[in-house]
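Following my numbering, the numbering of the sequence shown begins with 148 at its first residue and continues without gaps.
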Amino acid sequence: CVGLSSLPAAPVVQPEPALLPEPAGRNFGEKSCSGRALHQHAELSGFPRASRALPIPSESHPEGEREGFPVSTGAASRGLLCHGEGARDAGARGSPRCPLPKLTLPGLPPVLKASLSLLNTSASGLLVDSRQAAAPCVRCAVVGNGGILNGSRAGAAIDAHHLVFRVNGAITAGFEGDVGNRTSFYVFSTNTLVNALGSYAADGFKHPPRSPETRYVFLPDHDRDYLLLRAALTHQRVDRGRDKGVWPQEFFGEDLRADKFRMLHPDFIRYLRNRFLRSDILATPLWQLYRPSTGAVMLLAAIHTCDEVSAFGFMTPGYRAYSDHYFDRGHKEVQFYVNHDLKLEMRLWQRLQRSGLLRLYTGTEGT
Numbered sequence: 148c149v150g151l152s153s154l155p156a157a158p159v160v161q162p163e164p165a166l167l168p169e170p171a172g173r174n175f176g177e178k179s180c181s182g183r184a185l186h187q188h189a190e191l192s193g194f195p196r197a198s199r200a201l202p203i204p205s206e207s208h209p210e211g212e213r214e215g216f217p218v219s220t221g222a223a224s225r226g227l228l229c230h231g232e233g234a235r236d237a238g239a240r241g242s243p244r245c246p247l248p249k250l251t252l253p254g255l256p257p258v259l260k261a262s263l264s265l266l267n268t269s270a271s272g273l274l275v276d277s278r279q280a281a282a283p284c285v286r287c288a289v290v291g292n293g294g295i296l297n298g299s300r301a302g303a304a305i306d307a308h309h310l311v312f313r314v315n316g317a318i319t320a321g322f323e324g325d326v327g328n329r330t331s332f333y334v335f336s337t338n339t340l341v342n343a344l345g346s347y348a349a350d351g352f353k354h355p356p357r358s359p360e361t362r363y364v365f366l367p368d369h370d371r372d373y374l375l376l377r378a379a380l381t382h383q384r385v386d387r388g389r390d391k392g393v394w395p396q397e398f399f400g401e402d403l404r405a406d407k408f409r410m411l412h413p414d415f416i417r418y419l420r421n422r423f424l425r426s427d428i429l430a431t432p433l434w435q436l437y438r439p440s441t442g443a444v445m446l447l448a449a450i451h452t453c454d455e456v457s458a459f460g461f462m463t464p465g466y467r468a469y470s471d472h473y474f475d476r477g478h479k480e481v482q483f484y485v486n487h488d489l490k491l492e493m494r495l496w497q498r499l500q501r502s503g504l505l506r507l508y509t510g511t512e513g514t
């Protein structure tokens with residue numbers, strides 16, 4: 148991966164412009180991407196068809212680059228994580244644009260170096276492992292926590308996908324009919340996880356999903372993330388900081404093998420912020436507070452990884468008709484905070500839906 152020689156030898160999302168599937172001529176349920184999962188959820192209301200193809204930028208169309216969509220090779224990459232002594236794009240092995248530099252850890256703070264070295268294995272180098280990527284067309288369900296899912300009966304369709312992503316207060320018990328119960332990837336930062344446990348405990352969120360299938364994907368936002376990761380992989384309590392004394396088993400259970408954990412590269416998250424979700428907040432005195440929501444990072448990471456993506460529980464223009472979360476016991480209005488730009492994210496989901504890069508669940512809107 149170009150420019151990685153000075154980055155930590157750990158699972159990192161490729162920071163160069165990533166790869167998106169080419170939308171032209173590829174509709175859900177056609178060609179190589181037809182299968183049970185799409186047939187099942189195609190029967191649900193709330194999945195509008197793509198109305199037009201969005202041009203994917205290329206060297207001959209630099210204006211597309213300014214639109215914020217990276218160059219496509221015509222196939223999604225399932226190898227967007229770099230690791231070990233080097234890595235390359237899984238869809239372009241041997242390509243000169245993705246050499247295999249030796250990765251080192253010079254100048255890193257000791258806690259980062261110690262934590263990342265524990266993830267320096269082949270199992271941690273790819274978001275999707277070889278078994279999960281065996282299908283010729285990998286379909287992913289990305290499940291947000293929006294109230295639009297309450298009463299949706301989308302659970303079976305969600306679970307029918309090859310991979311299921313969840314985030315933050317991912318409560319499934321009692322809501323299986325609406326949101327399913329499988330979790331392939333739980334995406335979080337230590338801060339969002341601790342906040343979710345505090346905010347949604349009364350609703351039934353006691354710990355992140357746990358199953359043999361589940362992998363835990365850290366979004367590195369603070370040294371708290373590296374400290375918790377190190378504690379998990381060494382089977383010890385967190386030894387310092389705000390979470391000192393915490394047992395990782397309280398969050399993730401007893402299965403703390405290294406291949407259960409992933410960590411996205413900070414450059415990838417910055418890339419998403421600057422290219423896909425460049426908010427007007429960045430031009431204000433509060434710019435340092437702004438970052439894409441955890442759900443937005445999860446959804447965009449899936450789009451960069453899977454062949455087809457269906458998004459459930461994300462904000463749509465009709466958000467006022469729904470409670471903030473599908474598990475709310477009464478109607479709660481969606482809350483907006485300065486550190487996220489949820490309306491910008493909503494507009495991006497609409498645009499990706501129109502382009503054919505995303506299938507967005509919209510409930511009964513427009514019907």
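Cβ coordinates follow ideal geometry from the N, Cα and C atoms, glycine included.
Residue nearest to LEU491 in terms of C-alpha spacing, selected from MET462, PHE474, VAL385: The option with the nearest alpha carbon to LEU491 is MET462.
Alpha carbon of LEU440 to alpha carbon of ILE416, nearest angstrom: It is Ser, not Leu, that sits at residue 440 in the sequence shown. In a straight line, the C-alpha of SER440 is about 10 Å away from that of ILE416.
Beta carbon of LEU263 nearer than 8 Å to that of PHE459: no
Beta-carbon proximity list for LYS407, same chain, < 8 Å, skipping 5 on both sides: The residues are THR361, ARG362, TYR363, PHE399.
The stretch 346 to 356 contacting the stretch 469 to 485, beta-carbon criterion three pairs below 8 Å: yes
Rounded separation between ARG438 and GLY392 - CA only: 28 Å
Beta-bridge pairing of TYR333 - partner residues as DSSP gives them: ARG313, TYR363
Rounded Cβ spacing between ILE305 and VAL290 (contact assumed at less than 8 Å): 6 Å
Inter-stretch contact at 8 Å, needing at least 3 Cβ pairs: the stretch 383 to 392 / the stretch 415 to 432: no
Opposing strand residues paired with ALA288 [DSSP bridges]: VAL311, SER457
Under the three-state DSSP convention, the category PHE483 falls into: coil
Which listed residue (CYS287, LEU255, LEU273, LEU436) has its alpha carbon closest to that of ALA449: CYS287
Distance between MET493 and PRO464 (C-alpha atoms, nearest Å): 7 Å
Range covered by the alpha helix (DSSP H) that runs through PHE398: That run of the alpha helix (DSSP H) goes 396 to 399.
Backbone CA spacing between ASP390 and LEU366 [nearest angstrom]: 17 Å
Exposed unless 16 or more other CB atoms sit within 10 angstroms - verdict on ARG506: buried
Cβ neighbour criterion (16 or more within 10 Å) applied to LEU433: exposed
HIS451 versus VAL444 - alpha carbon distance: 10 Å
Which listed residue (ARG300, PHE332, TYR373, PRO395) has its alpha carbon closest to that of LEU310: Nearest of ARG300, PHE332, TYR373, PRO395 to LEU310, Cα basis: PHE332.
Euclidean distance between Cα positions of LEU265 and LEU380: About 7 Å.
Pairwise C-alpha distance: THR268 and ARG329: 26 Å
Local Cβ density within 10 Å of GLN482, reported as buried at 16 or more and exposed below that: Its Cβ having fewer than 16 others within 10 Å, GLN482 is exposed.
Residues that DSSP places opposite MET493 in a beta bridge: DSSP output for MET493 lists no bridge partner at all.
Buried or exposed (CB count within 10 angstroms, at least 16 for buried), TRP394: exposed
Per DSSP, cross-strand counterpart(s) of LEU259: According to DSSP, which records beta bridges pairwise, LEU259 is partnered with nothing at all.
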